[in-house]
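Each residue of the sequence shown is one higher than the one before, counting from 617 in this note's numbering. The beta carbon of each residue, even a glycine, is placed where N, CA and C say it ideally should be. Working notes, structure below.
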Amino acid sequence: MTHRVFNFNAGPAALPIEVLKQAQAEFLNYQETGMSILETSHRSKAYEAVNREAEATLKELLGLGDNYRVLFLQGGASTQFAMIPMNFLPQGRTADYILTGAWSEKALKEAKLFGNTHIAATTGEDNYKRIPKIGEIQLSENPAYVHITSNNTIFGTQWQDFPSFGQAPLIADMSSDILNKPFDAEKFSLIYAGAQKNLGPSGVTVVIARKELLENNPKDIPTMMRYETHAKNDSLYNTPPAFSVYILNLVLQWLKGQGGLAAIEKRNVEKASLIYNAIDQSGGYYRGHAQKDSRSLMNITFRLPSEELEKTFASQAEKAGLIGLKGHRSVGGLRASIYNAMTVEGCRALEQFMLNFQQKNG
Ligand code: PMP
């Protein structure tokens, strides 16, 4: 099959074609080792080079220096929901959570298992159609950390500017928008992201953290749950998801080749504008879920006049080679996930489909 569809799935999601081709070309004989990277020991020079290059490139793209480390872990972003309070929420302290969607709620639920928590702001009563304003955020006294979700995959909202909370360490789940545009990564004590949206395949979770957070973690939590274990062993304490890290590294090299974060932002803005314009110029036929000042560059959520039309839209789009547009089951409607690897051409095709669909059915 040579025909490829435009893949608007929320994750696992589209990967750059250049990356897939490179992986294919070196699949049977990785760099003259006579075997696939899938078959290679994680203690080999070949894999160690991949592991090192991936960490260095991620730091380079984010402009981070020696005071940060990158870890490649397993268990998805969902395991980070628990590892963060396990490591950073001591007895007697409180962790603050800003709720902007279903994933922040899940992160909070795990933290509650380990200690005191405080909801510093929530837009739940607005059906998470917006990011709270700075003035709405009420921190607890001296929080152990403040947790945010930078992009809300299900609701299609995204923080436009990141807040600073003085001494309180800022932690972010960036699963669905990491590396989508330049930002001040030094604001964050820890960033985590499941790779399967903007970074590569599923199976690896990236953790980017200040070095001091990766030392002296509590001794009474399981070895694999301590960040220190993974930092001390360069993410090679146990067998890593080597193939996922290898693809992730190819995606990082691809992103660097595209011109890095400033260049990808330009393209992401162009892509998202095509679809948001189709919504805004539809005279109310398409209705965006997110408030305009909170719109995501990565996940565009919208409704049609009826559920019936939404179903027809998704199935006709699929026939036209535009797949994965059905919204998350918890909110319904439609969702176009247009991560870094989605092309401008794919977004143009969706824009055109939206215009035609409205003409025929509006
Ligand atoms: N956080 C966000 C923002 C997500 O979008 C997702 C997955 N869609 C998760 C966390 C959970 O990630 P994982 O499946 O890697 O545990």
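Item, Value
"Where do the N-terminal and C-terminal ends of the beta strand (DSSP E) with residue 915 fall, by residue?", "915 to 919"
"Could you pull out every residue in the same chain whose Cβ sits closer than 6 Å to the Cβ of residue 851, ignoring the five residues on either side in sequence?", "687, 688"
"Ligand 1 and residue 775: does any heavy atom of the ligand fall closer than 6 Å to the residue's C-beta?", "no"
"If you draw a straight line from the alpha carbon of residue 846 to that of residue 824, how long is it in whole angstroms?", "12 Å"
"Residue range of the beta strand (DSSP E) that residue 810 falls in?", "806 to 810"
"Where residue 560 and residue 978 are concerned, what is the direct C-alpha to C-alpha distance, given to the nearest angstrom?", "A question about residue 560 goes unanswered here, because the residues of the chain that appear run from 617 up to 978."
"Quick check: residue 822 and residue 786, are their CB atoms within less than 7 Å of each other?", "no"
"Rounded to whole angstroms, what is the Cα-Cα separation between residue 669 and residue 632?", "19 Å"
"Go ahead and pull the three-state DSSP assignment for residue 623.", "strand"
"Of all the alpha helix (DSSP H) runs that stay within the bounds of the segment 669 to 725, which reach a length of 4 or more residues?", "692 to 704"
"Closest by CA to residue 842, which one among 634, 884, 624, 698?", "698"
"What does the alpha-carbon distance come out to for the pair residue 751 and residue 666?", "44 Å"
"Are the CB atoms of residue 680 and residue 801 within a distance shorter than 7 Å?", "yes"
"Smallest Cα separation from residue 975: which of 898, 927, 907, 918?", "898"
"Verify the contact flag: residue 693, CB atom, against every heavy atom of ligand 1, threshold strictly below 6 Å.", "yes"
"Taking 7 Å as the threshold (C-beta atoms), are residue 622 and residue 930 in contact?", "no"
"Tell me whether residue 948 counts as near ligand 1, meaning its Cβ is closer than 6 Å to at least one heavy atom of that ligand.", "no"
"Report the option in 756, 746, 708, 677 whose CA atom is closest to the CA atom of residue 769.", "746"
"Going by alpha carbons, who is nearest to residue 629 out of 907, 867, 918, 876?", "867"
"Grab me the residues of residue 803's own chain with a C-beta within less than 7 Å of its C-beta, minus the 5 sequence neighbours each way, in chain order.", "778, 780, 786"
"If you pair each beta-carbon of the segment 882 to 894 with each one of the segment 958 to 972, do three or more pairs fall below 8 Å?", "yes"
"Please state whether the Cβ-Cβ distance between residue 807 and residue 790 is less than 7 Å.", "yes"
"Flag this pair as yes or no: are the beta carbons of residue 877 and residue 797 separated by less than 7 Å?", "yes"
"Can you tell me whether residue 768 is helix, strand or coil according to DSSP?", "strand"
"Please classify residue 886 as buried or exposed, where buried requires at least 16 other C-beta atoms within 10 Å of its C-beta.", "exposed"
"Residue 732 bridges to which residues according to DSSP?", "710"
"Taking the alpha-carbon positions, what's the residue 918 to residue 743 distance?", "14 Å"
"Can the beta-carbon of residue 830 be found less than 7 Å from the beta-carbon of residue 685?", "yes"
"What does the alpha-carbon distance come out to for the pair residue 741 and residue 716?", "10 Å"
"How far does the alpha helix (DSSP H) with residue 852 in it extend, from its first residue to its last?", "Taken as a continuous stretch (DSSP letters only), residue 852 belongs to no alpha helix (DSSP H), as it is neither H nor E."
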